[in-house]
């Protein structure tokens with residue numbers, strides 16, 4: 109996940125432990141990251157125009173409402189080939205006087221899954 113400071117002022121703070129990733133089909137969530145994370149918040153400081161990349165995991169699995177509250181993805185079926193959209197959300201707690209917690213939400217990006225070959 110790439111984070112860019114598109115503003116005119118430097119920004120610094122703490123990022124949430126890991127990006128929350130959502131995979132959707134026709135606007136319906138078919139998979140999302142679990143809320144568990146072994147990492148703590150990460151410090152970040154970006155000058156205007158500067159970017160930073162944060163690792164995230166996307167798993168092409170089919171998660172239904174019946175799978176919510178699961179312990180892991182081990183029992184989920186793979187997604188069928190097709191057109192999907194992926195988006196990411198991170199929270200940043202700013203170091204400025206406001207100490208505001210601001211969500212950073214990406215635009216959905218297209219993702220095409222194809223049949224494996226070989």
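Residue numbers (my numbering): 109 to 226.
Even glycine gets a Cβ: it sits at the ideal position worked out from N, Cα and C.
Counting only residues of its own chain and dropping the five nearest sequence neighbours on each side, residue 160 has a CB closer than 7 angstroms to the CB of 111, 152 and 154. Looking at the backbone, the Cα of residue 158 and that of residue 113 are separated by about 6 angstroms. Checking the DSSP bridge columns, you'll see residue 150 partnered with 123.
In the DSSP assignment, residue 187 falls outside any beta strand (DSSP E), carrying neither H nor E.
Pairing residue 220 with residue 189 gives a Cβ-Cβ distance under 9 angstroms. Looking from the CA of residue 131, the closest CA among 182, 194, 149 and 117 belongs to 194. For residue 169 against residue 124, the beta-carbon gap comes to about 22 angstroms, at or over 8 angstroms, which does not count as contact. Counting every other CB atom within 10 Å of its CB across the protein chains shown gives residue 115 a total below 16, marking it as exposed.
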